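One structure is given below, encoded as structure tokens.
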Amino acid sequence: MTATVNNWLPLFTRPQTVEILLDSWRFLQREGNLTLFGYVILENHLHL
1 MTATVNNWLP LFTRPQTVEI LLDSWRFLQR EGNLTLFGYV ILENHLHL
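Going by the numbering used here, the letters in the sequence shown line up with residues 1 to 48, in that order.
See the structure below:
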């Protein structure tokens with residue numbers, strides 16, 4: 001899956017923003033609702 005930021009803004013250059021995303025994924029994994037096999041976070045989009 002690929003997800004893009006609205007207007008391709010480079011939001012993921014901010015460590016705080018990436019940490020929010022990673023914390024959310026960790027929570028979902030811990031609760032058993034998400035299995036991630038890999039991901040790539042780039043400055044304006046991500047791949048799962």
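For every residue, glycine included, the Cβ atom is placed at its ideal position computed from N, Cα and C.
Predicted model only: the values in this text are computed from it and were never measured.
- When DSSP states are grouped into helix, strand and coil, T2 belongs to the strand group.
- Following the DSSP letters along the chain, one finds L11 in no alpha helix (DSSP H), marked with neither H nor E.
- Looking at the DSSP output, I41 shares a beta bridge with L46.
- Across the structure, L28 and N44 are spaced so that their CA atoms are roughly 22 Å apart.
- Here L36 carries a coil assignment [DSSP, helix/strand/coil].
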